[in-house]
Amino acid sequence: MLVGKSMTSKVITIDKNESLFTARELMRKNNIRHLPVVDGENRPVGIVTDRDLRSAMPYRIYRNPDTAQAESERIAKLKVSDIMTADPVTIPLTYTIQDALLLIQEKRFGAFPVVDDEGKLVGMISVRDLLRAFINVLGIGEPGSLIGILVEEKVGQLKRIVDVVTEENISFGSVLVARYGEKGKRAVFPYLLTNNVIRVKKRLQEIGFKLIDPMDWYIDQLNR
Amino acid sequence: MKKTGFLFDERYLIHDTGPYHPEVSDRLLAAYQGIKKAGLLEKLVLFKGVRVDLKWVEEVHDPAYIARFGDACVAGKKEMDTPDCQMCAETYEIALLAVGGILEALRRMMEGEIDNAFCPVRPPGHHAERSRAMGFCYFNNIAIAARYLQKEWRIGRVGIVDFDVHHGNGTQHLFEDDPTVFYYSIHEHPSFAFPGTGREFEEGVGAGTGYTKNSPVLPGQGDDEYRRLIKRDLIPAFETFRPEIILVSTGFDAHEDDEMADMRVTTEGFNWIMETIVGLADTYAGGRLVSILEGGYSLQRLPELVGNHVRILLGDPPGALQNNG
Chain F
1 MLVGKSMTSK
11 VITIDKNESL
21 FTARELMRKN
31 NIRHLPVVDG
41 ENRPVGIVTD
51 RDLRSAMPYR
61 IYRNPDTAQA
71 ESERIAKLKV
81 SDIMTADPVT
91 IPLTYTIQDA
101 LLLIQEKRFG
111 AFPVVDDEGK
121 LVGMISVRDL
131 LRAFINVLGI
141 GEPGSLIGIL
151 VEEKVGQLKR
161 IVDVVTEENI
171 SFGSVLVARY
181 GEKGKRAVFP
191 YLLTNNVIRV
201 KKRLQEIGFK
211 LIDPMDWYID
221 QLNR
Chain B
1001 MKKTGFLFDE
1011 RYLIHDTGPY
1021 HPEVSDRLLA
1031 AYQGIKKAGL
1041 LEKLVLFKGV
1051 RVDLKWVEEV
1061 HDPAYIARFG
1071 DACVAGKKEM
1081 DTPDCQMCAE
1091 TYEIALLAVG
1101 GILEALRRMM
1111 EGEIDNAFCP
1121 VRPPGHHAER
1131 SRAMGFCYFN
1141 NIAIAARYLQ
1151 KEWRIGRVGI
1161 VDFDVHHGNG
1171 TQHLFEDDPT
1181 VFYYSIHEHP
1191 SFAFPGTGRE
1201 FEEGVGAGTG
1211 YTKNSPVLPG
1221 QGDDEYRRLI
1231 KRDLIPAFET
1241 FRPEIILVST
1251 GFDAHEDDEM
1261 ADMRVTTEGF
1271 NWIMETIVGL
1281 ADTYAGGRLV
1291 SILEGGYSLQ
1301 RLPELVGNHV
1311 RILLGDPPGA
1321 LQNNG
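Line order of the protein sequences matches chains F and B. Count the first sequence with this note's numbering and you get residues 1 to 224, in order. Count the second sequence with this note's numbering and you get residues 1001 to 1325, in order.
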């Protein structure tokens, strides 16, 4: 689960002396929203985002004929270094996806430059890359059925579930264990690679598990 | 009253899914009993399955996949691609008889012998992909039927309605880039139920964009939600598309007493759904419609559901429909 495996390695970069128009064109052409700014040795010295560009060259100024000319000239003189975020937060290749997820949540950034031991840029990891990894982890690209099981928060519960599923000759796509509103309870969500859930549901109930009504499923109990 | 064909062939019972599998031969016997008990058997044009010419199967499936399926049966393999697809030595031949029976129904309809038909076949088909067996399905019966209509009978626009509780991933994928086949499916939301496709934003690709429509239904919903979504999504779509023939993937597993899924559709709800689809066929397709069985696992409910289904195809007075219990 290292970011090196999930990041985009073919990075488009820009020099800090380039114009904003060049930056905008690069983003548009490559369908990206974060452009790392590097020095002569490929070390990140800044990052410029589509949002930085939008605030630097707001559309409305072009609509006013009295100021359009002056504004255009002003913007034409601006360089990437004038609007970029300098000294961006970078993350090393050895960070995990979990590290990146927590950092994105904490810093509220959409992407991070990834650097090697010498601090040179080797990739970008974005929310989009992490989503792709998360879709893969959840297994939702594969055909299967999700069931929700309420369990006591104590050792050995998952084993009982796995035993029943295995005895029914069903493979797992993924298993999520989530906090549950009720104290001392956990919600377990096995994603089963089968169409055939009648018997496995029955057997889980027979050994005392409660199935959670699908409309009451939730996995998001974090503070926003 | 319409002339309705009924494909019934005891050989469809031979496909053996082993112990503990819900897709069992008793389903077809329950369907037959339902038709018989409703006193409809004499009103139907009965016919049997015939082995399909492989060229029609190859319209939809990769020849290597077809051969792999046949070889697996001959070799005595008990499953194909997934533990969901349990089978026996005869499954390949029975699957060919199922497809052939459906094409026989279409031929009879095109030649004017019948107006519409009900084809309760096994194995079912709508999960089968071009090169992959899935969800109890091996050959995509309804997809082959659509291609047969287009190639053999020069039908331009085929409308497919799939009300099995699971999304027909195979059918959607086979036609998603094709503007001549409209695929509409209403099913339990894919975040809760197999197979995980059929989301609202899946609307076809390339030239087929706009010719796929999905109505995912959240768990626990029933007749009202089905009515609302069919009125909102299917009816206007077919008003624009104007299918020349309607093919139906009929599944009864959204019934409130079916344990396969989490829906609460009642017997009356299924009546409304089928009456609506037959109404669309009458409006746009000269009544031409063939219904092909997919899922539905409640052996207690299948007789009444199938009895009503066939009565609606016949156009018998709706007062004669049975209700729950």
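By construction, the Cβ of each residue, glycine as well, lies at the ideal position given by its N, Cα and C atoms.
The beta-carbon distance between residue 16/F and residue 79/F, rounded to whole angstroms, is 7 Å. This is short enough to meet the 8 Å contact definition. Closer than 8 Å at the C-beta level to chain F, one finds these residues of the stretch 1169-1194 of chain B: 1169, 1191, 1192, 1193 and 1194.
Here DSSP, grouped into helix, strand and coil, assigns residue 33/F to coil. The beta carbon of residue 1259/B sits closer than 9 Å to some beta carbon of chain F. Residue 1116/B: member of the beta strand (DSSP E) spanning 1116-1119, first to last residue. By the Cβ rule, the stretch 192-199 of chain F counts as touching the stretch 1078-1097 of chain B, because three or more pairs are nearer than 8 Å.
In terms of Cα proximity to residue 47/F, the closest of 11/F, 70/F and 65/F is 11/F. If you ignore the 5 residues before and after residue 1229/B, its C-beta comes within less than 7 Å of the C-beta of 1186, 1215 and 1217, all in its own chain and listed in chain order.
Residue 145/F reaches chain B at 1193 and 1194, counting residues in chain order whose Cβ is nearer than 7 Å. Taking a 10 Å sphere around the C-beta of residue 136/F, we find fewer than 16 other C-beta atoms and assign the residue as exposed. For the set 204/F, 143/F, 217/F and 3/F, the Cα lying nearest the Cα of residue 99/F is the one of 3/F.
A residue is called buried when at least 16 other Cβ atoms come within 10 angstroms of its Cβ; residue 108/F does not meet this threshold and is exposed.
The beta carbon of residue 132/F lies closer than 8 Å to those of 6 in the same chain, with the five residues before and after it left out. Chain F places a beta carbon closer than 9 Å to that of residue 1220/B, counting this residue as a contact. Separation of residue 1162/B and residue 1232/B (C-alpha to C-alpha, rounded to the nearest whole angstrom) is 16 Å. Beyond the five residues adjoining it in sequence on each side, residue 139/F comes within less than 6 Å, by CB distance, of 173, 174 and 191 in the same chain, given in chain order. What residue 65/F touches in chain B, judged by beta-carbon distance under 7 Å, is nothing: the nearest beta carbon there is about 41 Å away.
Beta-bridge analysis with DSSP links residue 210/F to 150/F. Sequence-distant Cβ neighbours of residue 1291/B in its own chain, meaning closer than 6 Å and more than five residues away, are 1118, 1248 and 1250. In the same chain as residue 1100/B, and ignoring 5 residues on each side of it, the C-beta atoms closer than 7 Å to its own belong to 1049, 1050, 1051 and 1052, in chain order. Here residue 1311/B is buried, its C-beta having at least 16 other C-beta atoms within 10 Å. Following the DSSP letters along the chain, one finds residue 1107/B inside the alpha helix (DSSP H) bounded by residues 1091-1110. For residue 1061/B, the three-state secondary structure derived from DSSP is coil. Under the Cβ criterion of 9 Å, residue 142/F is counted among the residues facing chain B. Taking 3 residues as the minimum length, the beta strand (DSSP E) runs contained wholly in the stretch 87-164 of chain F are 111-115, 121-126 and 149-152, in order along the chain. Here the stretch 1089-1098 of chain B makes contact with the stretch 1068-1076 of chain B; the two share three or more CB pairs at distances below 8 Å.
For the stretch 1134-1157 of chain B, the set of positions with a beta-carbon nearer than 8 Å to some beta-carbon of chain F reads 1134, 1135 and 1136 in chain order.
A direct Cα-to-Cα measurement between residue 34/F and residue 128/F gives close to 12 Å. For residue 1228/B, no pairing in a beta bridge is given by DSSP. Residue range 1026-1037 is occupied by the alpha helix (DSSP H) that includes residue 1029/B. Annotated as proximal: residue 1104/B and residue 1047/B, with beta-carbon spacing under 9 Å. A contact between stretches requires three or more CB pairs, one per stretch, nearer than 8 Å, and the stretch 1296-1307 of chain B fails this requirement with the stretch 1168-1176 of chain B.
Around the beta carbon of residue 72/F, fewer than 16 other beta carbons lie within 10 angstroms, which makes this residue exposed. For residue 1143/B, same chain residues with a beta-carbon under 6 Å away, outside a window of 5 residues either side, are 1060, 1171 and 1174 in chain order. A distance below 6 Å between beta-carbons, with the five flanking residues on each side excluded, links residue 1115/B to the following residues of its chain, in chain order: 1002, 1003 and 1287. Using beta-carbon distances, residue 171/F counts as an interface residue toward chain B, with a partner under 9 Å.
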